[in-house]
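Enquirer: To get this note's numbering, take the position in the sequence shown, counting from 1, and add 88.
Cβ atoms here follow ideal geometry from the backbone N, Cα and C, with glycine treated the same way.
Got a structure for you, questions after.
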Amino acid sequence: SDLDGAVEEAIQLPLFSSLDPQKVPPEQLRAYNEERKIARSLEQLGADSRNYTFTKQLALRFGYFKISLPLNPTVDLEKEESEPEVVEGELPLETTPLMKELEFPLFSVQVDIIRHKSQFSLIVTDPAVEVHINELQDVLSPVTYQNLTKTLGEYEAKSGFNLPISDTTELLGFWDHVRGALALSKAQFDSDSFQLDRSKLVLSARSNFFLSDDLRKLTLLDPAELEGTALTAWTTSEDMNVAEDGEPHESEIFFPFPYDRYQARILSLLGNRASVIQGPPGTGKSQSICNLICHLAAQGKTVLFVSQKPQALKVVKDRLKTLDIPNLFGYIPSTAAGIINEQDEADGAGPALARVGASAHVANDRQKKDPDTAGIVAQKQQARATLQAD
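This is how it looks when you write it as structure tokens:
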């Protein structure tokens, strides 16, 4: 497919679209069956994208590039190679590091598939060309990735990448920025690594699309509309550099799970409107989250923990459950997540609220027998009604 912005691009399946099955010459039967197999896949992709509009999206990904990375991330590729050590009677040791090859799409555009009789076509549903650099976050250094993100922002601030694109110079120009960033990493590649005309039709989850769409809408809001929310971190640095001096005393820490001094220092950042705590896998981020939730809950605060990945929610829920503290959390998993079992459903917020409701009925029975308790509850209800009215 090209980038001329045409409303409809025909998918070339000449044999399938022009011949009936019984009219296919024997010498073309194999090629015909291959095209028919592709046609069936296209039919299924189009149906799935329309039947699951809110959870799936169909995209044409293009501009693929390949890189090679060492399997051992600690390998220093810049270290001069030394002569292999040879032991008498043994083969010389291999000094070349083992590499893994990765392939990423740099661009994509949202499409739909339509079929008229036996002819399939692609229709662009959104002229905005999306640029994918998220996959490079683990490849580039934080500084290099941040600079590449800034460069992408400058492109989008001008005009972005939108169909029709009559000249591919800007697309190739952005690849030059990506190539320059990759040159600073351990990635190995050459001039043939990038293929602008290589494309794939992919049906993927819409979660990332919804997130991108929400973030795009937030950028259009007036900064005044963000006041009072953590999102003001985008527009002002006020209350963004708050750090309490020293480490908190043990008597001030309500961490039920083991922790070290570095995890305890997180408490000094709670005065900020927004903070980023990051670390590689296996460094105890989930355990730190559980400790923070319990610490804030012990101070009478409510915590909302959300994650795009259902597994992250489940890990935190399972860890908190080991404390055996009633009504400590309300778990609301995604019903579409394949990892949810019957026990997870039983741990959900619904059953928890039912238990709270049952406790409320018991409390009401006690109120009837205890006039003092009934009076206190009545005062609380009146105060709540007054606050809601205000």
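Out of N139, F277, A127 and G151, which one is the CA nearest neighbour of V217?
Expert: Cα-wise, what sits closest to V217 is G151.
Enquirer: Between which two residues does the alpha helix (DSSP H) holding G479 run?
Expert: No answer is possible for residue 479: the residues shown for the chain start at 89 and end at 478.
Enquirer: Quick check: the segment 338-350 against the segment 369-385, are there 3 or more CB pairs under 8 Å?
Expert: As far as the Cβ criterion goes, the segment 338-350 touches the segment 369-385, which means the pair count is three or higher.
Enquirer: Does the Cβ-Cβ distance between L104 and E123 come in under 7 Å?
Expert: Note on identity: in this sequence residue 104 is Phe, with Leu being the wrong assignment. It is a contact, given that the beta carbons lie within the stated cut-off.
Enquirer: DSSP state of L355, grouped into three classes?
Expert: In the structure shown, L355 sits in a helix (DSSP, three-state: H, G or I).
Enquirer: Please report the residue range of the beta strand (DSSP E) in which E96 lies.
Expert: Segment E96 to A98, the beta strand (DSSP E) holding E96.
Enquirer: Would you say S196 and R149 are within 7 Å of each other, going by their C-beta atoms?
Expert: For S196 and R149, yes; Cβs fall inside 7 Å.
Enquirer: Of the residues N360, H383 and L308, which one's Cα is nearest the Cα of E338?
Expert: For the residues N360, H383 and L308, the minimum Cα distance to E338 belongs to H383.
Enquirer: Between N250 and P193, is the Cβ-Cβ spacing less than 7 Å?
Expert: No, Cβ-Cβ distance for N250 and P193 is not below 7 Å.
Enquirer: How would you label Q145, buried or exposed, when you count the other beta carbons within 10 angstroms and need 16 or more for buried?
Expert: By the 10 Å Cβ count, Q145 comes out buried.
Enquirer: From the DSSP output, in three-state form, read off F417 for me.
Expert: Note: F417 maps to coil in three-state DSSP.
Enquirer: Helix, strand or coil: how does DSSP classify I377 here?
Expert: Three-state result, I377: helix.
Enquirer: Can you give me the Cβ contacts of Y233 inside the same chain, cut-off strictly under 7 Å, excluding the 5 residues immediately before and after it?
Expert: Within the same chain, Y233 has close Cβ partners L224 and Q225.
Enquirer: Between I413 and G436, how many whole angstroms is the CB-CB distance? I'm expecting something under 8 Å.
Expert: Rounded, the Cβ-Cβ distance is 17 Å, inconsistent with contact.
Enquirer: According to DSSP, simplified to helix, strand and coil, what is A216?
Expert: The answer is strand: DSSP assigns A216 an E or B state.
Enquirer: Need the endpoints of the beta strand (DSSP E) that E123 sits in, please.
Expert: E123 -> not in any beta strand (DSSP E); alpha helix (DSSP H) instead, spanning L117 to N139.
Enquirer: State the Cα-Cα distance for the pair G316 and A147, rounded to the nearest angstrom.
Expert: Taking the straight line joining both Cα atoms gives about 37 Å.
Enquirer: Give the straight-line distance between the Cα atoms of L133 and L291, rounded to the nearest whole angstrom.
Expert: Roughly 7 Å separates the two Cα atoms.
Enquirer: Between F293 and T143, how many whole angstroms is the CB-CB distance? I'm expecting something under 8 Å.
Expert: Before going further, note that residue 293 is Ala rather than Phe in the sequence given. Indeed they touch by this definition, with Cβ atoms about 6 Å apart.
Enquirer: So, is I365 buried or exposed, given that buried needs 16 or more other C-beta atoms within 10 angstroms?
Expert: Under this definition I365 is an exposed residue.
Enquirer: Taking D486 as the reference, which of K188, L159, V199 and V227 has the closest Cα?
Expert: Here the chain has residues from 89 to 478 only, and residue 486 is not among them.
Enquirer: Which first and last residues belong to the beta strand (DSSP E) in which D285 is found?
Expert: Segment F282 to A293, the beta strand (DSSP E) holding D285.
Enquirer: Can you tell which of A385, P311 and S106 has the C-alpha that lies nearest to the C-alpha of L416?
Expert: Measuring from the Cα of L416, the nearest candidate turns out to be A385.
Enquirer: Check for me: the alpha helix (DSSP H) holding F104 runs from which residue to which?
Expert: Segment P102 to S106, the alpha helix (DSSP H) holding F104.
Enquirer: Quick check on the DSSP output: the alpha helix (DSSP H) that includes R203 runs from which residue to which?
Expert: It is not in any alpha helix (DSSP H) - R203 instead sits in the beta strand (DSSP E) that spans M187 to H204.
Enquirer: Take V112 and list the residues in its own chain whose beta-carbon comes closer than 6 Å to its own, dropping the five residues that flank it on each side.
Expert: Taken in chain order, the residues that qualify are Y120.
Enquirer: Mind checking K397: buried by the 16 CB within 10 Å criterion, or exposed?
Expert: The residue is exposed, with fewer than 16 neighbouring Cβ atoms inside 10 Å.
Enquirer: Is the beta carbon of A275 less than 7 Å from the beta carbon of I155?
Expert: Closer than 7 Å, so yes.
Enquirer: With 16 as the cutoff for other CB atoms within 10 Å, does Q351 come out buried or exposed?
Expert: Counting Cβ neighbours within 10 Å, Q351 comes out buried, since at least 16 surround it.
Enquirer: To which residues of the same chain is L408 closer than 8 Å at the C-beta, ignoring the five residues directly before and after it?
Expert: If we look at L408 and ignore the five residues flanking it on each side, its Cβ neighbours are C378, I381, C382, L416 and F417.
Enquirer: Please classify V404 as buried or exposed, where buried requires at least 16 other C-beta atoms within 10 Å of its C-beta.
Expert: Buried, since its Cβ has 16 or more Cβ neighbours within 10 Å.
Enquirer: When you compare only the Cα positions, how much space is there between P158 and L240?
Expert: Spanning the two alpha carbons is a distance of roughly 27 Å.
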